[in-house]
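I have placed the structure first, in the form of structure tokens, so that the comments after it can refer back to it.
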Amino acid sequence: MGAESKGGSSDKGSRRDQPTVRGEVFRYTPEKWDAVKDDITDLARQAQSSGVFRTDDIHEWVDKSFTNPHTIDNTKVLLREGNKVIGFALTQHSYGWSKEANDTVPSDTKAEITATIIDKDHRGNGYVGALMEPLDEDLRNKGFKSVVIRALSHQGYDRAIERHYGEKIVYSSMVTPDFRHIQYNL
């Protein structure tokens, strides 16, 4: 299942002029991985060079995130423009962070978005919904009730998440000058 978007930034043309961008849940097979590995590695390298993403070995991080048997069941969503991957989001089970000490959402029903990367030339086009809707649907189908995301603030991703989820947000707080923790219910 996936979600589609024609974009929406007024300074980049009308929605009709924008190519269709869709989000889709990625289910690992060696063949599917071979088809997207280079695009995903390029996106991770782009995030690393901007200082947002910190790892010494991009190839190792990408391989572990997408092909490691311990991460195969984690939800992974690709954002595509045609056949090209222009973004992705990764999740895992949430480990310990909660909106408050007596959080009413059990940790076994809370997922954490650990990485979200959208190609720099495609940011600001209204693609958050296309990326997040299939992710949320997959998490709901797996029994999750809540999602935590550490959203980058200086590029506006935190504001895009807050606009997209609105009243579903149960907690939002700046944890560093660069990041905002946001928790929303599915």
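Residue numbers are given in the working numbering: position 33 of the sequence shown equals residue 996, and the series is strictly consecutive. Using N, Cα and C, we set each Cβ at its ideal position, and we do this for glycine too.
- Annotation for Gly1092: the continuous alpha helix (DSSP H) segment containing it runs Val1091 to Asn1104.
- With fewer than 16 other Cβ atoms inside 10 Å of its own Cβ, Thr992 counts as exposed.
- Inclusion of Thr1030 and Gln1055 in the CB contact set at 9 Å is not warranted, their separation being larger than that value.
- As the crow flies, the alpha-carbon of Ala1093 is around 10 Å from that of Gly1050.
- CA-CA distance, His1085 to Val984, rounds to 10 Å.
- DSSP places Thr1077 inside the beta strand (DSSP E), whose first and last residues are Lys1073 to Ile1081.
- By the Cβ neighbour-count rule, Thr1038 is buried, with 16 or more other Cβ atoms within 10 Å of its own.
- In this structure, Gln1146 is the residue among Ala1007, Gln1146 and Phe989 with its C-alpha nearest to the C-alpha of Gly1129.
- Separation of the CB atoms of Val1133 and Glu1075 is rounded to 15 Å, and the pair is thereby denied contact status at 8 Å.
- Here Ala998 is exposed, its C-beta having fewer than 16 other C-beta atoms within 10 Å.
- The straight-line gap separating the alpha-carbon atoms of Ala1010 and Thr1072 is approximately 29 Å.
- The C-alpha of Glu1100 is placed about 10 Å away from the C-alpha of Gly1106.
- Given a length threshold of 4 residues, each whole run of the alpha helix (DSSP H) inside the segment 1016-1050 is given here in chain order: 1021-1030.
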